[in-house]
Amino acid sequence: MPVFDEMNGVAGSGEVRAPYEQLKHWLARTPRELLDTRRSQAELFFRRIGITFAVYGDEAATERLIPFDIIPRIIMKKEWDIVSRGLQQRVKALNMFLADLYGKQDILRAGIIPPELIFTNPFYCLEMQGLKVPHDIYCHIAGIDLVRVDEETFYVLEDNARTPSGVSYMLENREVTMRLFPELYSRHRIMPVENYPDALLACLQSVAPRSGRREPNVAVLTPGQFNSAYYEHSFLADKLGVELVEATDLFVKDDVVYMRTTEGPQRLDVLYRRVDDEYLDPLVFKPDSVLGVPGIFGAYQAGNITLANAVGTGIADDKAVYTYMPEIVKFYTGEEPILKNVPTWRCRDRESLAYVLDNLPDLVVKEVNGSGGYGMLVGPHATKGQIEEFRHKLKADPSNFIAQPTLALSTCPTFVASGVAPRHVDLRPFVLSGADGVEIIPGGLTRVALKEGSLVVNSSQGGGTKDTWVLGA
Amino acid sequence: MRVRIEHETHYEYDSPIRALIQILRMTPRSYAGQHVRRWRIEPNIDGHLRQTEDALGNIVHHFSAESGARSLSLQVSGEVETTDTGGVVKGGVTRAPDVYFLRETALTAPDEALRVFAREASDFKPDDVLGSMHRLNNRINAEVTFDTAPTQVVTTANEAFAMRSGVCQDLTHIFVACARHLGVPARYVSGYFVRIDGVVDQDAGHAWAEAQVPGLGWVGFDPANGISTTDAHVRVAVGLDYLGAAPIRGSRWGGGGETMAVKLTVEDAGGSIQSQQQNQG
Numbered sequence: 000m001p002v003f004d005e006m007n008g009v010a011g012s013g014e015v016r017a018p019y020e021q022l023k024h025w026l027a028r029t030p031r032e033l034l035d036t037r038r039s040q041a042e043l044f045f046r047r048i049g050i051t052f053a054v055y056g057d058e059a060a061t062e063r064l065i066p067f068d069i070i071p072r073i074i075m076k077k078e079w080d081i082v083s084r085g086l087q088q089r090v091k092a093l094n095m096f097l098a099d100l101y102g103k104q105d106i107l108r109a110g111i112i113p114p115e116l117i118f119t120n121p122f123y124c125l126e127m128q129g130l131k132v133p134h135d136i137y138c139h140i141a142g143i144d145l146v147r148v149d150e151e152t153f154y155v156l157e158d159n160a161r162t163p164s165g166v167s168y169m170l171e172n173r174e175v176t177m178r179l180f181p182e183l184y185s186r187h188r189i190m191p192v193e194n195y196p197d198a199l200l201a202c203l204q205s206v207a208p209r210s211g212r213r214e215p216n217v218a219v220l221t222p223g224q225f226n227s228a229y230y231e232h233s234f235l236a237d238k239l240g241v242e243l244v245e246a247t248d249l250f251v252k253d254d255v256v257y258m259r260t261t262e263g264p265q266r267l268d269v270l271y272r273r274v275d276d277e278y279l280d281p282l283v284f285k286p287d288s289v290l291g292v293p294g295i296f297g298a299y300q301a302g303n304i305t306l307a308n309a310v311g312t313g314i315a316d317d318k319a320v321y322t323y324m325p326e327i328v329k330f331y332t333g334e335e336p337i338l339k340n341v342p343t344w345r346c347r348d349r350e351s352l353a354y355v356l357d358n359l360p361d362l363v364v365k366e367v368n369g370s371g372g373y374g375m376l377v378g379p380h381a382t383k384g385q386i387e388e389f390r391h392k393l394k395a396d397p398s399n400f401i402a403q404p405t406l407a408l409s410t411c412p413t414f415v416a417s418g419v420a421p422r423h424v425d426l427r428p429f430v431l432s433g434a435d436g437v438e439i440i441p442g443g444l445t446r447v448a449l450k451e452g453s454l455v456v457n458s459s460q461g462g463g464t465k466d467t468w469v470l471g472a
Numbered sequence: 000m001r002v003r004i005e006h007e008t009h010y011e012y013d014s015p016i017r018a019l020i021q022i023l024r025m026t027p028r029s030y031a032g033q034h035v036r037r038w039r040i041e042p043n044i045d046g047h048l049r050q051t052e053d054a055l056g057n058i059v060h061h062f063s064a065e066s067g068a069r070s071l072s073l074q075v076s077g078e079v080e081t082t083d084t085g086g087v088v089k090g091g092v093t094r095a096p097d098v099y100f101l102r103e104t105a106l107t108a109p110d111e112a113l114r115v116f117a118r119e120a121s122d123f124k125p126d127d128v129l130g131s132m133h134r135l136n137n138r139i140n141a142e143v144t145f146d147t148a149p150t151q152v153v154t155t156a157n158e159a160f161a162m163r164s165g166v167c168q169d170l171t172h173i174f175v176a177c178a179r180h181l182g183v184p185a186r187y188v189s190g191y192f193v194r195i196d197g198v199v200d201q202d203a204g205h206a207w208a209e210a211q212v213p214g215l216g217w218v219g220f221d222p223a224n225g226i227s228t229t230d231a232h233v234r235v236a237v238g239l240d241y242l243g244a245a246p247i248r249g250s251r252w253g254g255g256g257e258t259m260a261v262k263l264t265v266e267d268a269g270g271s272i273q274s275q276q277q278n279q280g
């Protein structure tokens, strides 16, 4: 399988790709010692900021740094423009899909998706049926995972439509890179990312319930400091200039949500909640949840608060629904999808299952409702035992799995123990949808698999991150 | 049958509460098998009571109060005229399609033991869903002992089945879990039941299941009594499981610990049972 390197193209061609001309040159004349020094400095920066990520199932370290690779990834404007249009189209379709599913359900009537796939799905939220949300926007913040396989092709790997995380790393990575390599930075025309908090705040305010009385009050709801993304929650609240709250800071009275403050209760209009649906309101969802606010769903139904993202968006990023995304995009936009789906076998189909079972060593198998690289088989890198284990799982519950070919993810130059070497990457751009349309911050979070040959970029599985430069011209 | 219901739920708190919010699914709707003649919900403390409807068509009251109360009584009373429809439920309201009721929940996802029991107990025949559901209902009734001791509101179908005992809620969860495993949409019903033995005073409301039978629609099965539903059943709320149909889900601020006591009488107001009630004194 030929691997596309974003600096050198397909291996052996010997030419440097245009966006990397300066960087390759710079890498060639920069001594190893300087890179070492810069890496230590970067680690110091991150430690000082306190940026950490808890890894579930890792008892030794509940919090640790996500490795940061000091070499930026570079994308040309003309490449980005296509990606950006594709994201815009995809997220618009996702929101139309959600509005339709929780409304008239035209797509089910048209026979495009089997109804049982929706209604028996744990992420379809019946409580949302018939509820109108402001401007028909459900997924205000999306993090669409893309992988690149050649000069032209970006595939969508996953649509994260619930509570995508990682945007704080996008912002911090840029800041640290600018400090580490001011000269290199100034030699490129790089599109800014630091306006993300302003764009997010404007987006959240634009979807406030129509109150008209005053500027909408926004807050960020976190499950608390033991959540793996707590750092990001507090970082975002700080950048947005709004309160970071936990469930106990909020209460509901007569279907209105209030925040306790030192100046008395303050009415909330928009809640950027980083608490999952099922924990949101113990009176409606999980009754033993202590992370939720009793009565908040009633306030939501009464139209007195906007939740971002809306409740029930998980049905749109479900891995079984993902396989229908090309049809979903066509159905709502009337256009061909600009960004492709990775070819995917639905193991719920008998023929697909047979194929998948016959080809396990070559495939990536994913649990439909899993996330973050947990419960996943990467055939070419798996042991015989792991493959047999998955064969059993697949046979026991086929509809819980999808399978994809092992993609040759693109590589980028990465500074590792042996020096500068190519490592596989993906890209998570963040897409904001508000009353005034869709806004995409150029770039996003590049995740890199630091182990040689590894294709798993998830931070929970030892992946790192990079700054991502979109060149302005 | 004219069923008269008096249902009081009384809470005592260790200290005065600051605020309280409750979601009540305690009001029956009229449909082909029952006509609600009168119905009232009365909390004994001041508060805000708002009536809505949930996505399953249940009538829901949101009750919220700010109060220094040390106790709360919820008084529910009413009269419902029922007719025996042979268990068939017609004219119910729901926005959920039948396939929705195939969905597993944490309380009803069957383990291997329960899956084996489902197939074996029902002797499942796709062309005779009604017979299969009757067999399932009878077997649950025969094998799972009614016992209030070992289970709680959070007991799963698997746990109750493993103990072979539970209350009507558990037996219903077992039925629902088995039916869904067999591909038959099934749902949980909470309500009231006029006891066959004429006992009027009861400890708790009743629960049973409904299964979707081709050609008939939703049919009620009461595994605790081993029968299809009759005019002795008053249907109040439906859900995927207990949590979706629970009479009261609440939360409060302040008050410390609490004790709860239920006083419930369910009687046939038409005559014959009344004399029995007098006999029992």
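Taken in order, these protein sequences are the chains called A and B.
Under numbering that gives the first Met the number 0, the first residue of the first sequence is numbered 0, with each subsequent residue one higher.
Under numbering that gives the first Met the number 0, the first residue of the second sequence is numbered 0, with each subsequent residue one higher.
All residues carry an ideal CB built from backbone N, CA and C; glycine is no exception.
Note that the coordinates shown come from a computational prediction; the quantities given were computed from them, not determined experimentally.
Smallest Cα separation from B:A203: which of B:L242, B:K262, B:E11? B:K262
For a cutoff of 8 Å on Cβ pairs, would you count A:L290 as touching chain B? no
Using only the alpha-carbon positions, how far apart do B:V166 and B:C177 sit? Roughly 17 Å between the two C-alpha positions.
When the cut-off is 8 Å and only beta carbons count, does B:P96 lie next to chain A? yes
DSSP three-state call for B:A268: helix, strand or coil? coil
Residues near A:P404 in its chain [Cβ-Cβ closer than 8 Å; skip 5 each side]: V341, P342, D361, L362, V363
Are the C-beta atoms of A:Q403 and some chain B residue less than 8 Å apart? So no, A:Q403 is outside the interface.
Assuming contact is defined by CB atoms lying nearer than 8 Å, are A:Q88 and A:V328 in contact in what I supplied? yes
Per DSSP, A:A448 is paired with what? A:G462
For A:Y55 and chain B, any beta-carbon pair shorter than 8 Å? Below a pLDDT of 50, predicted positions are generally treated as unreliable, and A:Y55, at 49, falls in that range; no measurement from the model is reported.
Environment of B:A16 [buried if 16+ CB atoms lie within 10 Å]: Residue 16 of chain B is actually Ile in this sequence, not Ala. Under this definition B:I16 is a buried residue.
Name the chain A residues that come within less than 7 Å of B:I22, Cβ to Cβ? L282
Does DSSP classify B:G13 as helix, strand or coil? Note on residue identity: the sequence assigns Asp, not Gly, to residue 13 of chain B. DSSP places B:D13 in coil when its eight states are reduced to three.
When the Cα of B:V79 is compared with those of B:H61, B:V87, B:G32, which residue comes out closest? B:G32
Cβ-heavy atom distance, B:P213 to the ligand COA, below 7 Å: Looking for the ligand COA in the displayed structure turns up nothing, as the structure carries no ligands at all.
Contact between the stretch 69-82 of chain A and the stretch 460-467 of chain A (3+ Cβ pairs under 8 Å): yes
Beta-carbon separation (whole angstroms), B:R134 vs B:S121, contact threshold 8 Å: 5 Å
Is it the case that the Cβ atoms of A:V456 and A:V424 are separated by a distance below 8 Å? yes
If you run the structure through DSSP and keep just helix, strand and coil, what is A:A98? Three-state result, A:A98: helix.
Between A:E126 and chain B, is the shortest Cβ-Cβ distance under 8 Å, so that the two count as touching? yes
So if I threshold CB-CB distances at 8 Å, which residues from the stretch 243-261 of chain A count as touching chain D? Looking for chain D here will not work: the only protein chains present are A and B.
Distance, Cα to Cα, A:F3 vs A:V355? The alpha-carbon separation between A:F3 and A:V355 amounts to approximately 26 Å.
Is A:S227 helix, strand or coil by DSSP? coil
How many Å lie between A:G473 and A:I136 at the Cα? The question about residue 473 of chain A has no answer, for chain A in this structure spans 0 to 472.
Tell me, please, which residues DSSP counts as bridged to B:S76. B:E5, B:R39
Roughly how many angstroms separate the alpha carbons of A:P114 and A:Q104, rounded to a whole number? 10 Å
Mapping the DSSP letters down to three states, classify B:Q50 as helix, strand or coil. strand
So, does the CB of A:P30 fall closer than 8 Å to a CB anywhere in chain B? no
Counting only Cβ pairs nearer than 7 Å, list the residues of chain B close to A:P293. Chain B residues near A:P293: I20, S250.
Rounding to the nearest angstrom, what Cα-Cα distance links A:T410 and A:D99 in this structure? 39 Å
Identify whether B:C167 lies in helix, strand or coil by the three-state DSSP scheme. helix
Any idea what DSSP makes of B:G190, helix, strand or coil? strand
Determine the extent of the beta strand (DSSP E) in which A:V256 is found, giving its start and end residues. 255-258
Taking 8 Å as the threshold (C-beta atoms), are B:Y187 and B:V2 in contact? no
Which residues of chain B have a Cβ atom closer than 8 Å to the Cβ of A:S118, listed in chain order? Reading off the sequence shown, one finds Phe at residue 118 of chain A, where the question assumed Ser. By Cβ distance, chain B contributes A95, P96, V98, Y99, L101, R102.
A:S255 and A:I440 closer than 8 Å at C-beta: A small correction: the amino acid at residue 255 of chain A is Val; Ser does not occupy that position in the sequence shown. It is not a contact, given that the beta carbons lie outside the stated cut-off.
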